[in-house]
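Here the structure is laid out as structure tokens; the discussion comes afterwards.
There are 2 protein chains.
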Amino acid sequence: MTTPIIGSIESIAATAAAAAPLFAATPPRARAVALVTVADLLIANADDLITIGMSETGLSEQRLRGELKRTAVQLCLFAEAIADGAYMDVRIDRRDPEFVLGVRPDLRRSLVPRGPVLNYAGSNFPFAFSVAGGDSAAALAAGCPVILKAHSGHPLLSEATAAIVIAGLTAAGMPVGTFQLVAGQAKGVALLKDDRIRAGSFTGSLRAGRLLADLAAARARPIPFFGELGSVNPVYALPSFFRSDEDAAALAAGYASSVAGSAGQLCTKPGFLFVPATSLDAVASAAASAVASVPEHRLLNSSIAAGFSARRAAILSTPGITIVASGSLRTDSEEQVWATPTIVATSAEALELAGETLLDEAFGPLSIVVGYPDESELACLAERLFPGNLTSTVYAAADDSTATLTGLFHTLAETSGRVLFGGWPTGVAVTPAMQHGGPWPATTSDNGTSVGTAAITRFLRAVAYQDMPQQLLPPELRDDNPWGVPQNIAAAGESVSWGDSFNVA
Amino acid sequence: MTTPIIGSIESIAATAAAAAPLFAATPPRARAVALVTVADLLIANADDLITIGMSETGLSEQRLRGELKRTAVQLCLFAEAIADGAYMDVRIDRRDPEFVLGVRPDLRRSLVPRGPVLNYAGSNFPFAFSVAGGDSAAALAAGCPVILKAHSGHPLLSEATAAIVIAGLTAAGMPVGTFQLVAGQAKGVALLKDDRIRAGSFTGSLRAGRLLADLAAARARPIPFFGELGSVNPVYALPSFFRSDEDAAALAAGYASSVAGSAGQLCTKPGFLFVPATSLDAVASAAASAVASVPEHRLLNSSIAAGFSARRAAILSTPGITIVASGSLRTDSEEQVWATPTIVATSAEALELAGETLLDEAFGPLSIVVGYPDESELACLAERLFPGNLTSTVYAAADDSTATLTGLFHTLAETSGRVLFGGWPTGVAVTPAMQHGGPWPATTSDNGTSVGTAAITRFLRAVAYQDMPQQLLPPELRDDNPWGVPQNIAAAGESVSWGDSFNVA
């Protein structure tokens, strides 16, 4: 198996830049085959990868097996998404001597890869948001060489996975330098400033993400930076949902499970559960019971453990807070930190008074149940307190269509990338219709998604050709269409059927 | 006719924010009708508008009549582009209990308007890149309220046009506040910092565009900023093009006409014409003849005149420059500045030595003919000197398919938004396949275009709904599809036919 290249900034950037035109020229079907080859290799090496991953992250075997499968499926979904070339959005306007504004030249436009992408891995999904994760899959699918900045939380797994990615790409005939691994913050920052890097992607904290986004924007030549940062994923249970005592218990059980899974170290963990003040006690006590049986879970790394410990202490000492389940934090003999879920309760009024002490994301197994007095205030509350989230969730009766509910959904659509009716935001489906993004601070750039096949377009730019001879056009724009991509063709005389005022002038 | 609202920052932002949800909820077909209504009114008021425009800008009646027609047609093209709702990119993944990664929920995703857009008008197209121009048309088509920052170069025309836009939108039933006009740099900057503004668009200088882009990126909540800035639009004539003496003369005549039109005050004016050193004298002398008969043309405003005068003086005094046609600059009794074209010649070596003195855009009727010794060096030269342009143009024999030519085209596609074979970059067709954008410094964000119907997507963001009851979904995502938009539906069991490795894990 090929060892990942770990070289100087100069050699890494130069290698990616040299690979860019060669990789960009590969037919989409060839890149699709390469992605499936990588997926096959990941699965073939699952046992080794999962052993390393368990040791480095403390995540369970079941969780990591599921995540690796998801990562492989994700690569195959991207392969499917690009294979027919529809993602290139090919538009051909044939020459039209009779065009209403004068002779229209032959114009042909397609989406092409941006060039080398610098992708910063996340720590909490060591497969699905790391070396071979969604951002890498999307950039490779688009035809962009990837430089993967490994997360310090799982260095050995990063190296092992990168070796597999490189082996798969090489076996499928992709150019040398299509994928490279780098480690260390200094390299990550220096590369982002290199003119040869044409886009950045990132999964991680608000602080680091904003710092990198600002660097990308401040370059002499600015580049797009797609950062997925913080999200508290509020859940709103409306009075119409509570029709029996079982409803409160079922809600609390699902909530506890969503908060506790992977020790709450998920970007879609529900950080707040809003319930009618009259149901607060019932939900809180059911949640306390539900988390009581949750076993200790190791936190991913010392940095996350320190951050969680500080946030938890700050929240527990905030006025107006009631402890529902205090949870536990324990450091073992190997300096690993283990936790059980902490749940607190408060009122909407106290939450607003406390401000960011309570409102900022607490990354880890902690969540806040909030009692609200009046459902008609939820939409305004959501807009004021939560301007940008990956997800927002509503529980209500399935036949509820009151103005209060529709108004709330309107606000949630404005402030979230994904809006759920029932269910829990954790467990993000990898499908064409997924949107994993959202207004700031959920992401730095909310016109993209980092999960689902729509993620490809972040790494593309458009080029149009005017009056080019056939032999000089890229394959997807030629009349003989050798790749068989869908071509959206406007023939002469077909344009502008709307309105006729312009014939007057 | 309604008078444009000119109020305080607070009232303008609040009005746009209040209009946003109402305008977003209008069916695409209703917005299409509104755009055509505006187009009709513009044409109906053409005589008045053109009289004001001629007086304020010095552009000719013929040019302004053509531009107004183009602006009206552009509105109608956007109307056509949105009417069927395909631009929403609706994706529906039906619930799939057998999905390979576990039960897949019902997920439905569409593109929705970002919210209020602040659009800074350009000075050089007082219709097509101003109040009712491409960016306004695209944002309105997307369903975003527009706040139009008028250019100081044509204040009366801006007010008259805004009154027509507002009257048209009102007549078509669009919400109050869908379109507002503001004037003054201070207001333009203050609004860009207002949290209720969700995107910016701009046509103008590199300096002002970068300043605004930096402000947008530095906001507590950053927003996308689509600026179209500077471009020098190099033209490369290869030896294979020159087969007779007439070829040099024809090239020079087309060049002179493209440089002289609208006094060179176009973002696509060819700033450089590269010819083989052996053809330099022939092309230069033919260009001198061609511009000799060009009459004086008024420059748009005092700021552009001052900038042009300074750039021209700097270029004329640069070592290694030969004057082909010195051109003229004259200030009349009303302080208007009039110019005829200036053409200079130099060598590729001297151009590179002079650096930005020659390389920076000279906005106005000035262009540089460059003699190059060896066509095989053109691709490297283009990459070094011109990293980002709206357009690049090549003249070569139609059957030329040498490696030199294909290599050059590869570089031009990497560094330009539009690549032409023959013809001239001025005169930008408004069609689905147009790309009017390009790598920095041509634009601040090269994944968009500011001409052509692909411009709409800049003002959209995606929202996904999970397991929503039908009555709570937006119309475009419902099963009964009341707007009849194209829906891309993935039924249960249809996903992931590529690869089968993931069944192994």
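Protein chains in written order, with our numbering: chain U, 1 to 505; chain W, 1 to 505. C-beta atoms are modelled at their ideal positions from N, C-alpha and C, and glycine is treated no differently. Computed from a predicted structure; not experimentally measured.
Proximity of residue i and residue j at Cβ, strictly below 9 Å
| i | j | result |
| --- | --- | --- |
| S130 of chain U | L157 of chain U | yes |
| M434 of chain W | R109 of chain U | yes |
| I147 of chain W | V182 of chain W | yes |
| T415 of chain W | S392 of chain W | yes |
| P28 of chain W | G102 of chain W | no |
| C509 of chain W | A39 of chain W | The displayed coordinates of chain W run from 1 to 505. Any statement about residue 509 of chain W would go beyond what the structure contains. |
| I82 of chain U | N488 of chain U | no |
| Q74 of chain W | A128 of chain W | yes |
| H154 of chain W | G320 of chain W | no |
| I343 of chain U | A256 of chain U | yes |
| L22 of chain W | A132 of chain W | no |
| G422 of chain U | V463 of chain U | no |
| A491 of chain W | R104 of chain W | no |
Residue i: contacting residues in chain W (beta-carbon distance under 9 Å)
| i | result |
| --- | --- |
| T15 of chain U | Residues of chain W passing the Cβ test: none, with the nearest at roughly 17 Å. |
| D84 of chain U | Those within 9 Å of D84 of chain U in chain W number zero; the least Cβ separation is about 11 Å. |
| S445 of chain U | P222 and P224 |
| L107 of chain U | R418, A429, T431, P432, A433, M434, Q435 and G452 |
| F386 of chain U | Residues of chain W passing the Cβ test: none, with the nearest at roughly 13 Å. |
Beta-carbon neighbours of residue i, restricted to chain W and to distances below 8 Å
| i | result |
| --- | --- |
| S289 of chain U | Per Cβ cutoff of 8 Å: no residues; S289 of chain U is ~26 Å from chain W at best. |
| G422 of chain U | D467 |
| R311 of chain U | What R311 of chain U touches in chain W: nothing, since even the nearest Cβ is about 21 Å away. |
| P145 of chain U | In chain order: nothing, as chain W lies at least about 14 Å away. |
Residue-level contact to chain W via CB, residue i, 9 Å cutoff
| i | result |
| --- | --- |
| N481 of chain U | no |
| R458 of chain U | yes |
| Q471 of chain U | yes |
| M434 of chain U | yes |
| I92 of chain U | yes |
| G437 of chain U | yes |
| S401 of chain U | yes |
| P4 of chain U | Caution is warranted here: a pLDDT of 48 is assigned to P4 of chain U, below 50, making its placement in the model unreliable, and the coordinate value is therefore given only provisionally. False, the Cβ-Cβ gap to chain W never drops below 9 Å. |
| P27 of chain U | no |
| D194 of chain U | no |
| A398 of chain U | yes |
| L405 of chain U | yes |
| N389 of chain U | no |
| A163 of chain U | no |
| G66 of chain U | yes |
9 Å Cβ cutoff, residue i in contact with chain U
| i | result |
| --- | --- |
| S416 of chain W | yes |
| F125 of chain W | no |
| K269 of chain W | no |
| G115 of chain W | yes |
| A187 of chain W | Per the sequence shown, the amino acid found at residue 187 of chain W is Lys instead of Ala. No - not a single Cβ of chain U is within 9 Å of the one on K187 of chain W. |
| V463 of chain W | yes |
| F242 of chain W | no |
| F409 of chain W | yes |
Nearest-angstrom Cβ-Cβ length linking residue i and residue j, presumed shorter than 8 Å
| i | j | result |
| --- | --- | --- |
| R114 of chain W | F363 of chain W | About 30 Å; that fails the 8 Å criterion. |
| L192 of chain U | A216 of chain U | 6 Å |
| V324 of chain U | A290 of chain U | Incorrect: roughly 10 Å between the Cβ atoms, too far for contact. |
| V451 of chain W | V485 of chain W | Going by Cβ atoms, the distance from V451 of chain W to V485 of chain W rounds to 25 Å, so no, they are not a contact pair. |
| A213 of chain U | T51 of chain U | 36 Å between Cβ atoms; not a contact. |
Beta-carbon neighbours of residue i, restricted to chain U and to distances below 8 Å
| i | result |
| --- | --- |
| V112 of chain W | A413 |
| R70 of chain W | L101 |
| R104 of chain W | A429 and T431 |
Chain-ordered neighbours of residue i on chain U, where CB pairs are closer than 9 Å
| i | result |
| --- | --- |
| N233 of chain W | Per Cβ cutoff of 9 Å: no residues; N233 of chain W is ~12 Å from chain U at best. |
| T322 of chain W | Under the 9 Å cutoff, chain U gives no residues; its nearest Cβ is about 31 Å from T322 of chain W. |
Within chain U, partners of residue i - CB distance below 7 Å
| i | result |
| --- | --- |
| W440 of chain W | R221 and P222 |
| A138 of chain W | Within chain U, no residue comes near A138 of chain W; the closest Cβ sits about 14 Å away, beyond 7 Å. |
Proximal chain W residues relative to residue i, where beta-carbon distance stays under 7 Å
| i | result |
| --- | --- |
| P475 of chain U | By Cβ distance, chain W contributes nothing, its closest Cβ being about 13 Å from P475 of chain U, past 7 Å. |
| T449 of chain U | A462 |
- Message: Below 8 Å, how does it come out for the region 252-272 of chain U and the region 219-239 of chain U: are there three or more Cβ pairs, yes or no?
- Response: yes
- Task: Please determine if the region 274-282 of chain W and the region 238-254 of chain W are in contact, where contact requires at least 3 C-beta pairs separated by less than 8 Å.
- Result: yes
- Query: Are the region 352-366 of chain U and the region 249-266 of chain U in contact at 8 Å, needing three or more beta carbon pairs?
  - Reply: yes
- Three or more C-beta pairs below 8 Å linking the region 114-125 of chain W and the region 471-481 of chain W: no
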